[in-house]
Amino acid sequence: MAGESLPEFNYPKDVLQPLLSASNSSSLQQALEILIKNSRAAVGRAELASKNILPTVLKLVESLHHASSQEYLMQAMKLLRNLCAGEVANQNSFVEHNGIETVLTVLRSAALLSDPDFGIIHLSLQVLANVSLAGSELQEAIWHKLFPNEFFILASIHSLETSDPLCMILYTCCDGKPGLAIELCRDPGLPIVAGIIQTVASVGSRENWFKLLLSRLCLEDIHFPALFFKLCEGNASEDGGNTALGDKVFSSEQAFLLQIISEILNERLNEVRVPNETALCVLGIFKRSVSIVDFGARAKSGLPTGSTSVDVMGYSLIILRDICAQEGLRELKKDSVDVVDLLLSDDLTDVILSLLHDLEPPAIIRKTLKDSENQELNLGSTKLCPYKGFRRDLVAIIGNCAYRRKNVQDEIRQKSGILLLLQQCVTDDDNPYLREWGIWSLRNLLEGNAENQQIVADLQLQGSVDMPELARLGLKVEVDQNTHCAKLVNIPGSYTKPVERVGPLKFMGKMSIREPQLYIQAHHTATFTKSKC
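The letter at position 413 of the sequence shown is residue 413 when you use the UniProt record's numbering, and the numbering goes up by one with no holes.
In structure tokens form, the structure reads like this:
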């Protein structure tokens with residue numbers, strides 16, 4: 001539509017003249033191009049605000065919308081979006097001149113088409129997203145106009161162009177007005193978030209707003225259980241053709257939600273504290289998944305595996321690992337409840353030890369046993385790792401739970417878990433970093449616990465053992481030549497104080513979730529600048 005000219009009645013002089021004057025141009029097309037370019041910078045937006053140009057742009061949007069002139073409407077919406085990016089005067093003018101209703105009219109028309117106009121929807125949401133950053137009053141105004149019907153329609157559109165700015169609006173409103181988060185996580189709000197999750201699971205996301213929204217609802221608040229079980233309604237039996245029993249119990253969207261929550265938690269380990277309700281819910285999910293996963297097939301890959309039940313089990317296990325790490329990284333406040341103690345009271349240790357006990361030994365130990373017996377091993381009903389890294393994640397939870405918790409150290413010993421943990425201090429191709437996690441867990445089981453140290457000292461050696469890791473802890477193994485039993489003793493002069501605290505472990509580095517940012521560029525693939533307001 002490059003040469004399109006508008007009918008005379010679509011741009012009366014009181015609309016056209018201010019735009020031509022502000023841009024020093026002679027045509028509407030040229031004026032819009034110049035003003036869009038100028039409004040990308042804060043100084044340009046401020047200058048246009050001093051000329052009170054925004055009400056004129058709103059009138060232009062209304063005229064173009066009624067004339068169904070898409071090319072110029074797109075340009076006008078880009079200009080409106082840029083003007084509302086961090087410029088308070090323009091944001092206030094937008095509300096005063098009924099800008100929310102004007103944009104909603106354009107948005108509804110584009111969204112309700114049999115073939116939705118994603119470009120107009122994208123720009124309309126970006127305008128509202130920029131305005132939502134102006135404060136709680138504007139956030140509430142936007143919310144009451146869009147919740148729940150318009151939000152639900154937009155969440156049902158499976159488009160990357162829609163989901164990112166929609167998440168920005170929802171996050172900004174919920175973060176500024178906590179009561180709105182409660183509305184969003186009850187009927188009729190839950191289908192909105194469920195729709196967004198289904199969309200992002202299908203088309204992905206380019207920005208951080210999706211993660212910020214889920215972090216706000218599921219980790220900084222208590223809404224994870226309601227959202228997780230909402231995702232199962234009507235979906236669990238339609239899981240991409242998977243017909244295994246486990247893949248009929250959980251939906252692929254539930255597995256995706258757990259994956260995203262595990263990523264957020266690992267990235268923000270020092271920034272958020274998982275609510276007790278969420279932690280217990282994740283443990284319940286893990287137990288349920290364990291009861292339905294097929295442990296008879298050796299893993300071919302790490303997470304995600306393509307099996308919904310295995311992915312649900314794996315990501316819930318990783319979340320539990322990092323929850324247990326969190327509690328070791330912070331000092332508990334007086335009268336506060338240790339979430340690890342809650343998990344332990346719900347049989348976390350029993351479940352993890354039972355799984356670890358039932359797994360076939362690591363490959364290097366299987367080979368050693370096979371060579372020593374000079375025959376094929378009969379593993380019977382031994383379980384296999386359903387994904388690469390499963391054994392490592394089990395060991396990691398034990399290591400993090402045992403960190404400076406004597407009750408856990410004693411429980412592991414009483415349940416004959418120390419020898420089991422010793423067997424995990426080996427390299428294993430199917431479990432990256434298993435050796436490091438095994439050593440970490442052993443270190444936490446032995447620290448300050450004479451009974452556990454004695455268990456290790458009384459083990460009979462079957463061959464040579466090289467454990468430099470114990471030496472770094474200030475310990476060494478001495479062997480009685482008559483009994484062939486080992487003793488764990490201090491290395492003279494090198495172990496004069498307790499092991500220095502190093503804190504529970506995690507895999508990835510600290511996340512950087514970006515500060516709220518504004519949509520101000522002219523193209524959909526634009527980069528975004530930080531908010532100045």
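For glycine and all other residues, C-beta sits at the position ideal for the given N, C-alpha and C.
Asked: Among Val312, Pro275, Arg273, nearest to Glu291 - alpha-carbon criterion; Found: Checking the sequence, you will find Ser at residue 291 rather than Glu. The shortest Cα separation from Ser291 among Val312, Pro275, Arg273 belongs to Val312.
Asked: Minimum Cβ-Cβ distance from Glu360 to chain B less than 8 Å; Found: The structure shown contains no chain B; it is built from a single protein chain.
Asked: Segment limits, alpha helix (DSSP H) that includes Asp347; Found: No alpha helix (DSSP H) holds Asp347; DSSP gives it neither H nor E.
Asked: For Lys145, the three-state DSSP class (helix, strand or coil); Found: helix
Asked: Option nearest Ser345 by Cα separation, candidates Asn407, Gln424, Ala297, Phe295; Found: Asn407
Asked: Alpha helix (DSSP H) segments (min. 4 residues) lying fully within the segment 144-218; Found: 149-155, 160-176, 178-184, 190-203, 209-214
Asked: DSSP state of Lys415 mapped onto helix, strand, coil; Found: coil
Asked: Ile264 beta carbon less than 8 Å from that of Cys324; Found: no
Asked: Touch test, the segment 141-150 against the segment 115-126, Cβ-Cβ under 8 Å, three pairs minimum; Found: no
Asked: Straight-line gap, Cys385 to Ser132 (C-alpha atoms, nearest Å); Found: 47 Å
Asked: Coarse secondary structure for Lys59, derived from DSSP in three states; Found: helix
Asked: Three-state class that DSSP yields for Ser237 in the structure shown; Found: Residue placement at Ser237 is flagged as unreliable, the pLDDT there being 39, under the threshold of 50; the coordinate-derived value follows with that caveat. DSSP places Ser237 in coil when its eight states are reduced to three.
Asked: Pro257 and Val282 closer than 8 Å at C-beta; Found: The residue you asked about is not Pro; residue 257 is Leu in the sequence shown. Their beta carbons are not under 8 Å apart, which means Leu257 does not touch Val282 by this criterion.
Asked: Delimiting residues of the alpha helix (DSSP H) encompassing Gln17; Found: 13-23
Asked: Burial state of Gln454, where buried means 16 or more other Cβ atoms lie within 10 Å; Found: exposed
Asked: Stretch-stretch touch, CB-based, cutoff 8 Å, three pairs: the segment 399-418 with the segment 443-450; Found: yes
Asked: Exposed unless 16 or more other CB atoms sit within 10 angstroms - verdict on Leu184; Found: buried
Asked: Val203 burial status per 10 Å Cβ neighbour count (16 or more: buried); Found: exposed
Asked: Asn276 - containing alpha helix (DSSP H), residue span; Found: 276-290
Asked: Distance, Leu54 Cα to Pro18 Cα; Found: 10 Å
Asked: 8 Å Cβ cutoff met for Trp440 and Gly399; Found: yes
Asked: Helix, strand or coil at Leu394 [DSSP, three-state]; Found: helix
Asked: Cα-Cα separation between Val351 and Lys248, rounded to whole angstroms; Found: 23 Å
Asked: Cβ shell of Asn90 (< 8 Å), same chain only, five flanking positions each side left out; Found: Arg45, Leu48, Ala49, Leu54, Leu83, Cys84
Asked: Candidates Gln259, Asp429, Leu459: closest to Leu420 by CA position; Found: Leu459
Asked: Of the residues Asn130, Arg206, Ser159, the one placed nearest Leu170, counting alpha carbons only; Found: Asn130
Asked: From Leu317, Pro225, Cys425, Glu220, residue whose alpha carbon lies closest to that of Arg268; Found: Glu220
Asked: Asn431 versus Thr305: straight-line alpha-carbon distance, rounded; Found: 15 Å
Asked: Beta-carbon contacts of Asn38 that lie in its chain and below 6 Å, excluding the five residues immediately before and after; Found: Gly44
Asked: Expected contact under 8 Å - CB spacing of Ala111 and Leu154 to nearest Å; Found: 6 Å
Asked: Secondary structure of Lys383, DSSP reduced to three states; Found: strand
Asked: Contacting residues, own chain, Cβ-Cβ under 7 Å from Leu64 (five flanking each side not counted); Found: Asn10, Tyr72, Leu73, Ala76
Asked: Exposure of Pro178, with buried meaning 16 or more beta-carbon neighbours within 10 Å; Found: exposed
Asked: Contact set for Ser25: own chain, Cβ-Cβ below 7 Å, skip 5 residues either direction; Found: Ala31, Ile34
Asked: Rounded straight-line distance, which links the Cα of Asp429 to that of Asp115; Found: 50 Å
Asked: 6 Å Cβ shell around Lys497 - same chain, five flanking residues per side excluded; Found: At Lys497 the pLDDT is 36, less than 50, meaning the model places this residue with poor confidence; the figure from the coordinates comes in the next sentence. Counting only Cβ-Cβ distances below 6 Å, and skipping sequence neighbours, we find nothing.
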